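Numbering (the working numbering), first residue to last: 221 to 639.
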Ligand code: NAD
């Protein structure tokens, strides 16, 4: 089992590491290590059997110096105040690293959605949207999907907000279904930026991605799309994938489309008949592969496990999958780690495109979405490499935080202090 690391402490450590390379006022850095505000609320709804269910929920608005707060809403029994604070901070630095005009926010409800009917989840989502109403808005705070939420929940939040405000405001939330104002390419965006950063990394390292072996931990939205595109667009061999049920392995490469169909039918990758072996998640994370893509949850790899990681490149599709100890061990071992705040930034970047299209009431074809996304990700990757070389930082994570922190500090300084 990985160490019980508090993700908020990980975030603060990552900011401190980067701040060492920046000439900035201590107070200015301290401000950027903590959220501006956190809403904590208890949502009570009627359950299907007539009883009352009470659910703790949070929304953290971390920093808004570069634009409206932006970040997803997660439904998971492990959601906590500190997890939401950490995720909201990572959003600030993610938006800054890909240079889109947003601050960072995040929300979550402590709930296991598998234990509730669609009707209960709708009541819960609408109750949360009602609590969020004074905080969110197209120019204020724009939620999006995260773990266990998707288009359905986004559509409910949009509808609740618009009904209460007596207006139309599709840009109040992103990750919507296309018919409700969503963007082409949004569902695939996080997996696509993961694939693009893997491609750029292998090119930077002068290594072939075609035929490279890949393991993906977490076969959900981010992981399954990353696997499909790594295989389909770059010709990599995805040899292992996993979800919370366990993993499957085939040294000759899995057919990722077939694995996805199998998971859609059965709810798990485990049992897929194109595999030669079943694996535990720990076995998957330590496989001897060219590229490892953690795409599940935080703290998947701690310091102890990092010593056994067999890949020499890690591209983080999940948020915060490595503990700070794991980072130290992997840096020491010269494993190249491309940080979450760049690799999975495709989700928020296409959310930004969705918001732009909503504001203009003018919708782009998928080809334009993918082209603009590629431009943002490739530019951000180049900026990270330049920073890595210029500042002599120990790894790409610190480089990404140096780039991002400087942008946020500049925006704060230009805004001045008031009151
Ligand atoms: P998801 O719910 O679609 O998928 C998560 C997957 O991880 C599921 O298949 C689940 O079974 C699996 N999983 C859970 N615990 C696991 C474990 N211990 N070992 C292996 N697998 C496990 O969620 P998602 O949207 O794909 O998000 C995954 C990660 O990507 C999260 O960290 C999220 O914050 C991050 N992310 C997602 C997006 C997005 O647009 N979806 C954007 C940015 C970052």
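Cβ coordinates follow ideal geometry from the N, Cα and C atoms, glycine included. Remember, it's a predicted structure, so these values are computed and weren't measured experimentally.
Coarse secondary structure for residue i, derived from DSSP in three states
i	result
residue 221	Low confidence applies to residue 221: its pLDDT is 44, below 50, so where it sits in the model is not reliable enough to give any reading.
residue 282	strand
residue 615	coil
residue 386	coil
residue 261	strand
residue 249	helix
residue 639	coil
residue 596	helix
residue 569	helix
residue 195	With the chain covering only 221 through 639, there is no way to say anything about residue 195.
residue 229	helix
residue 492	coil
residue 542	strand
residue 504	helix
residue 456	coil
residue 581	coil
residue 536	coil
residue 431	coil
For residue i, the nearest candidate out of the options (CA to CA)
i	options	result
residue 563	595, 601, 278 and 339	601
residue 225	519, 580 and 582	519
residue 621	241, 229, 227 and 228	241
residue 614	482, 495 and 555	555
residue 498	470, 482, 345 and 515	470
residue 623	582, 561 and 633	561
residue 522	625, 531 and 544	544
residue 594	420, 435, 331 and 369	420
residue 597	412, 311 and 266	412
Residue i: CB within 6 Å of a non-hydrogen atom of the ligand NAD
i	result
residue 438	yes
residue 620	no
residue 564	yes
residue 441	yes
residue 391	no
residue 522	no
residue 590	no
residue 517	yes
residue 539	yes
residue 299	no
residue 549	no
residue 567	yes
residue 367	yes
residue 464	yes
residue 410	yes
residue 501	yes
Residue environment, residue i, which counts as buried when at least 16 other CB atoms sit within 10 Å
i	result
residue 221	Caution is warranted here: a pLDDT of 44 is assigned to residue 221, below 50, making its placement in the model unreliable, and no coordinate value can be reported.
residue 609	exposed
residue 591	exposed
residue 441	buried
residue 433	buried
residue 297	exposed
residue 343	buried
residue 373	buried
residue 235	buried
residue 274	exposed
residue 255	buried
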